[in-house]
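*Asks:* Below is a structure I'd like to ask you about.
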Amino acid sequence: MSFDVRTVKDLDEFTSAIFAIGQYFGMTPTEERMKRFLDLITAERMHAAWENGAIVGGAGAFAFDLSVPGGGLPTAGVTVVGVYPTHRRRGVLRSLMRGQLDAAHERGEPLAALWASEETIYGRFGYGLASFCGEIKLAHEYASFAVPFEPEGTIRFLEPDEAGEVLPPVYDRVRSQWPGMFSRNDLWWQDRELKDSEERREGAGPKRWVAYERGGSIDAYAVYRHKPGWEEGSTVAELRVVEALAATPTAERDLWGYLLSIDWKATVQAFLLPPDHALFLLLATPRRLRYRMGDGLWVRLVDVGAALSGRQYAADGSIVFDVHDEFCPWNEGRWKLEGGAPQRTNADADIALSAPSLGSAYLGGVSFASLGRAGRVEELKDGALMRADALFRWDRHPWCPEIF
Ligand SMILES: CC(C)(COP(=O)(O)OP(=O)(O)OC[C@H]1O[C@@H](n2cnc3c(N)ncnc32)[C@H](O)[C@@H]1OP(=O)(O)O)[C@@H](O)C(=O)NCCC(=O)NCCS
41 MSFDVRTVKD
51 LDEFTSAIFA
61 IGQYFGMTPT
71 EERMKRFLDL
81 ITAERMHAAW
91 ENGAIVGGAG
101 AFAFDLSVPG
111 GGLPTAGVTV
121 VGVYPTHRRR
131 GVLRSLMRGQ
141 LDAAHERGEP
151 LAALWASEET
161 IYGRFGYGLA
171 SFCGEIKLAH
181 EYASFAVPFE
191 PEGTIRFLEP
201 DEAGEVLPPV
211 YDRVRSQWPG
221 MFSRNDLWWQ
231 DRELKDSEER
241 REGAGPKRWV
251 AYERGGSIDA
261 YAVYRHKPGW
271 EEGSTVAELR
281 VVEALAATPT
291 AERDLWGYLL
301 SIDWKATVQA
311 FLLPPDHALF
321 LLLATPRRLR
331 YRMGDGLWVR
341 LVDVGAALSG
351 RQYAADGSIV
361 FDVHDEFCPW
371 NEGRWKLEGG
381 APQRTNADAD
391 IALSAPSLGS
401 AYLGGVSFAS
411 LGRAGRVEEL
421 KDGALMRADA
431 LFRWDRHPWC
441 PEIF
């Protein structure tokens, strides 16, 4: 069944569309909150599905620039996807995905990316698991570093106003190094990062902002909360790291040295860390991080040609893909990637793959070899997967440090 899908035109429609998912979050759709959301997403990027004049589902897409290996690309940052429980499994999501991907294609956004509430939903629409991330829970007594050091810089507290000045340039420096991070505009910084509403604290205290400075340059920052607690007379306090980003290796080491040494806590907790985070090699006992990994960003190539030409490659060389893409058939067919430039070709393909597998490999976070072992790509010529990996690999795993 197909539903009438179009973008919303005012705050009322926007609110009904958002509340499709809002109710699963237990959200109270206050006017103030909806206005803020509307400013961030904008009406022309929020699709709703109608049946008999009533909204039965919604899906939004932030206008991001996503960092990709060696660059950045306009990206539909898919968010607030939901269908009213009265209308589930009748094709509402499918209709919304159709409208949303067509719109991204028309706008010329080569990529779409999202965090999935469940891994089973988005593969059918061409999204592939493109990065992994995980949480840590490190006991205070295991915070020693493998190589003891004296910090080379200093840490100081920031008031929220100053944080608004200091954090964005550091974030942008880090973003230019790591594939998988999305651009944050002023509104995003104000609303998502600097704001510290009670409801987001989950039992912990307010946000603390610190900057790390070395040689006159602010190279890192951290945002964290204390969650105090006692059991049988001893502290069970948690230090919850909201975000810790460093633009240089020394800053990374010193920043985590600061966070891990803070007194009067039992554990340090952090979320969404990439599997190649420096902590694994910085710490004396990395096993004690108790790292638990899951899926991170899911990526879809909306326009295969523009997406492939929008990133850089680790080597010269050429590879021919035979791309299967039922949901976005404009991508179907054989593509030759040579010297970083993709073009349509009639040449024999080296690798046959579907849209989700190309999405998985795109940021360099999932190798073609891994996809091959999982039966997710077909190697049509011997050695093709290794050749493709030589092109697509990057010096780090993609990292998106925030769920959007
Ligand atoms: C997930 C959700 C959006 C699906 O909407 P829906 O309108 O029921 O989905 P559709 O009827 O269009 O289903 C399209 C396809 O996806 C499948 N599907 C939908 N939800 C699924 C799920 N949670 N797990 C597995 N498959 C799912 C359907 O079976 C159908 O499969 P088909 O292509 O083989 O026929 C809806 O259940 C929902 O709002 N869930 C709660 C909020 C949520 O998780 N949102 C996603 C945020 S990232």
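Using my numbering, read the sequence shown as starting at 41 and increasing by one per residue.
All residues carry an ideal CB built from backbone N, CA and C; glycine is no exception.
Just so you know, these numbers come straight off a predicted model, no measurement behind them.
In the structure shown, what three-state DSSP assignment does Ala251 receive?
*Replies:* Three-state result, Ala251: strand.
*Asks:* Figure out for me which residue from Ser394, Gly62, Gly380, Val339 has the closest Cα to the Cα of Tyr366.
*Replies:* Rather than Tyr, the amino acid found at residue 366 in this sequence is Glu. It is Ser394.
*Asks:* Express the C-alpha separation of Ala60 and Gly204 in angstroms, rounding to a whole number.
*Replies:* Roughly 32 Å separates the two Cα atoms.
*Asks:* Once DSSP output is grouped into helix, strand and coil, what is the label at Pro246?
*Replies:* Correct three-state label for Pro246: coil.
*Asks:* Does DSSP classify Lys376 as helix, strand or coil?
*Replies:* Three-state result, Lys376: strand.
*Asks:* Where does the unbroken alpha helix (DSSP H) through Arg213 begin, and where does it stop?
*Replies:* Unbroken alpha helix (DSSP H) run through Arg213: 200 to 217.
*Asks:* Report the start-end ranges of each alpha helix (DSSP H) in the region 257 to 323 that is 4 residues or longer and not cut off at the edges.
*Replies:* Whole alpha helix (DSSP H) segments, 4+ residues: 289 to 301, 319 to 322.
*Asks:* Return the chain-ordered ranges of every beta strand (DSSP E) run that is complete within the region 114 to 150 and spans a minimum of 3 residues.
*Replies:* Entirely contained in the region 114 to 150, not one beta strand (DSSP E) run reaches 3 residues.
*Asks:* Inspect the beta-carbon positions of Val13 and Thr385 and report whether they are closer than 9 Å.
*Replies:* The structure shown does not extend to residue 13, since the chain is modelled only from 41 through 444, so no value can be given for it.
*Asks:* Are the CB atoms of Ala347 and Asp390 within a distance shorter than 9 Å?
*Replies:* No, the pair does not count as a contact, with Cβ atoms beyond the cut-off.
*Asks:* Keeping to the same chain, check which residues put their C-beta closer than 8 Å to that of Gly148; ignore five residues upstream and five downstream.
*Replies:* Result list for Gly148: Pro114, Asp343, Ala346, in chain order.
*Asks:* I'd like to confirm something about Thr126: is its beta-carbon nearer than 8 Å to some heavy atom of ligand 1, or not?
*Replies:* No, since every heavy atom of ligand 1 falls outside the 8 Å radius drawn around the Cβ of Thr126.
*Asks:* May I ask you to check if the CB of Ala88 is nearer than 8 Å to at least one heavy atom of ligand 1?
*Replies:* Every heavy atom of ligand 1 is 8 Å or more from the Cβ of Ala88, so no.
*Asks:* What's the C-alpha gap between Pro200 and Tyr298?
*Replies:* For Pro200 and Tyr298, the distance between alpha carbons rounds to 20 Å.
*Asks:* At a threshold of 8 Å, does Ser394 count as lining ligand 1 (C-beta to nearest heavy atom)?
*Replies:* Checking every heavy atom of ligand 1 against the Cβ of Ser394, none is found closer than 8 Å.
*Asks:* Tell whether a beta-carbon distance below 9 Å holds between Ala262 and Leu234.
*Replies:* No, they are not a contact pair.
*Asks:* I want to check one thing, is the minimum distance from the CB of Glu72 to the heavy atoms of ligand 1 below 8 Å?
*Replies:* False, no ligand heavy atom lies under 8 Å from that Cβ.
*Asks:* Looking only at its chain, what residues have a beta carbon closer than 8 Å to the beta carbon of Ile258, apart from the 5 residues adjacent to it on each side?
*Replies:* Val206, Pro209, Val210, Ala251, Tyr252, listed in sequence order.
*Asks:* Should Lys305 and His364 be called a contact, given that it needs their Cβ atoms to be closer than 9 Å?
*Replies:* No, Cβ-Cβ distance for Lys305 and His364 is not below 9 Å.
*Asks:* Work out the CA separation of Met426 and Pro109 for me, nearest whole Å.
*Replies:* Taking the straight line from one Cα to the other gives about 18 Å.
*Asks:* Should Thr70 be labelled buried (16 or more other beta-carbon atoms within 10 Å of its own) or exposed?
*Replies:* With fewer than 16 other Cβ atoms within 10 Å, it is exposed.
*Asks:* So, helix, strand or coil for Gln63, using DSSP?
*Replies:* Reduced to three states, the DSSP call for Gln63 is helix.
*Asks:* Give a yes or no on contact between the region 404 to 413 and the region 274 to 282, applying the rule of three or more CB pairs nearer than 8 Å.
*Replies:* They do not touch, by the three-pair rule.
*Asks:* Determine the contact status of Phe311 and Cys173, defining contact as a CB-CB distance below 9 Å.
*Replies:* Against a cut-off of 9 Å, the Cβ pair of Cys173 and Phe311 comes out as a contact.
*Asks:* Spell out the partners DSSP gives Trp338 in its beta bridges.
*Replies:* For Trp338, which the question treats as bridged, DSSP gives the partners Leu154, Leu169.
*Asks:* Which residues does DSSP pair with Gly93 in a beta bridge?
*Replies:* Answer by DSSP bridge pairing: none, since Gly93 is not bridged.
*Asks:* Determine whether the beta carbon atoms of Arg76 and Thr47 lie at a separation below 9 Å.
*Replies:* In this structure, Thr47 does not lie closer than 9 Å to Arg76 by Cβ.
*Asks:* Just tell me which of Trp229, Ala179, Asp52, Pro150 has its CA closest to the CA of Leu300.
*Replies:* Here the closest residue by C-alpha is Ala179.
*Asks:* Could you pull out every residue in the same chain whose Cβ sits closer than 7 Å to the Cβ of Ser400, ignoring the five residues on either side in sequence?
*Replies:* Around Ser400: Gly168, Leu169, Ala170, Val406, Leu411.
*Asks:* List the endpoints of the continuous beta strand (DSSP E) containing Val417.
*Replies:* 417 to 419 is the extent of the beta strand (DSSP E) around Val417.
*Asks:* Spatial neighbours of Ala99 within its chain, please: C-beta separation below 6 Å, excluding the five flanking residues on both sides.
*Replies:* Once the five neighbours on either side are set aside, the close Cβ partners of Ala99 are His87, Val121, Leu136, Gln140.
*Asks:* Under 9 Å, do Gly131 and Phe43 count as touching if we go by C-beta distance?
*Replies:* Cβ atoms of Gly131 and Phe43: closer than 9 Å.
*Asks:* Would you grab the beta carbon distance between Ala186 and Leu322 for me? Rounded to a whole angstrom, and I think it's under 8 Å.
*Replies:* Indeed, because the Cβ distance is near 7 Å, the residues count as touching under 8 Å.
*Asks:* Can you tell me where the beta strand (DSSP E) holding Pro396 begins and where it ends?
*Replies:* Not the beta strand (DSSP E): Pro396 falls in the alpha helix (DSSP H), residues 395 to 402.
*Asks:* Following the continuous beta strand (DSSP E) through Ile81, name the residue where it begins and the one where it ends.
*Replies:* Per DSSP, Ile81 belongs to no beta strand (DSSP E); it is in the alpha helix (DSSP H), 71 to 81.
*Asks:* For ligand 1, any of its heavy atoms closer than 8 Å to the Cβ of Ser135?
*Replies:* Yes, ligand 1 has a heavy atom inside 8 Å of this Cβ.
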